[in-house]
Amino acid sequence: NAGVTQTPKFQVLKTGQSMTLQCAQDMNHEYMSWYRQDPGMGLRLIHYSVGAGITDQGEVPNGYNVSRSTTEDFPLRLLSAAPSQTSVYFCASRRDTAGEQYFGPGTRLTVT
Amino acid sequence: KNEVEQSPQNLTAQEGEFITINCSYSVGISALHWLQQHPGGGIVSLFMLSSGKKKHGRLIATINIQEKHSSLHITASHPRDSAVYICAVRFPMGGGSQGNLIFGKGTKLSVKP
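If you're matching them up, the sequences are chains E and S in order. Those letters in the first sequence? Residues 1 to 112, by this note's numbering. Those letters in the second sequence? Residues 1001 to 1113, by this note's numbering.
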């Protein structure tokens, strides 16, 4: 199993540009989530999904959209990038709400 | 507000030392996770526990539900243990919780040879 994969690993955007961070898992996990990690702060939940077709907002959802059309994929879209979205983004999945969490390798995003 | 506090924030140890990292939380939980973030950035799950104690190699995790406190111990520490250790808690379903994790800020451990 590849586990949780994320692309790209690094990305630089200009303010106002849009992009999609890709996330996929091959473990047939129902629960997937996106986090951002900023210096001096714990991982913060952006959006999450408890199954295909079901998504919900986390702690810091503004400026981001998600969709879950398949069990495997959970892309995160930045609609109009802002410098405040400079961060490291992690996708994660688990079997269900009670399972062990598996993380992707992360995407380092810089918005200038 | 549901909070997770870790201590210490930074820890430097000599190779071979016994290390303890602490995590406390404010309200009842259904599970607690210990995670390790490597210097390269990757995050791996070390333990998930809801009571008692778990051991894997030189790592031991304990939790005291009544005191709302967990500890991660590393015996015979080694430079390869240098990493950020993160505590995360999952609150019971219901009351707006969907089983999402709340993370501490992490403890940066450096083990010197």
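All C-beta atoms, glycine included, are put in the ideal place defined by N, C-alpha and C. All values reported here derive from a predicted model rather than from experimental measurement.
Task: Start and end residues, beta strand (DSSP E) containing E:G51 - done: 44-51
Open item on the list: Would S:S1045 pass as an interface residue toward chain E - the criterion being a Cβ-Cβ separation below 8 Å?
Closed with: yes
Open item on the list: Please confirm whether S:Q1098 has its beta-carbon closer than 8 Å to some beta-carbon of chain E.
Closed with: yes
Open item on the list: According to DSSP, simplified to helix, strand and coil, what is S:Q1009?
Closed with: S:Q1009: coil per DSSP, three-state reduction.
Task: DSSP beta-bridge partners of E:N1 - done: BP columns for E:N1 are empty, so no partner.
- [ ] In angstroms with no decimal places, state the Cα-to-Cα distance between S:I1029 and S:P1092.
- [x] 6 Å
Open item on the list: So, with DSSP's three-state summary, where would you put E:S93?
Closed with: strand
- [ ] Closer than 7 Å by C-beta to E:N65: which residues in its own chain qualify, once you throw out the five before and the five after it? Chain order, please.
- [x] R77, L79
Task: Listed by chain order, chain S residues near E:P61 by CB distance under 8 Å - done: Those within 8 Å of E:P61 in chain S number zero; the least Cβ separation is about 12 Å.
- [ ] Give the interface partners of E:T97 over in chain S, defined as CB-CB distance under 7 Å, in chain order.
- [x] M1093, Q1098, G1099
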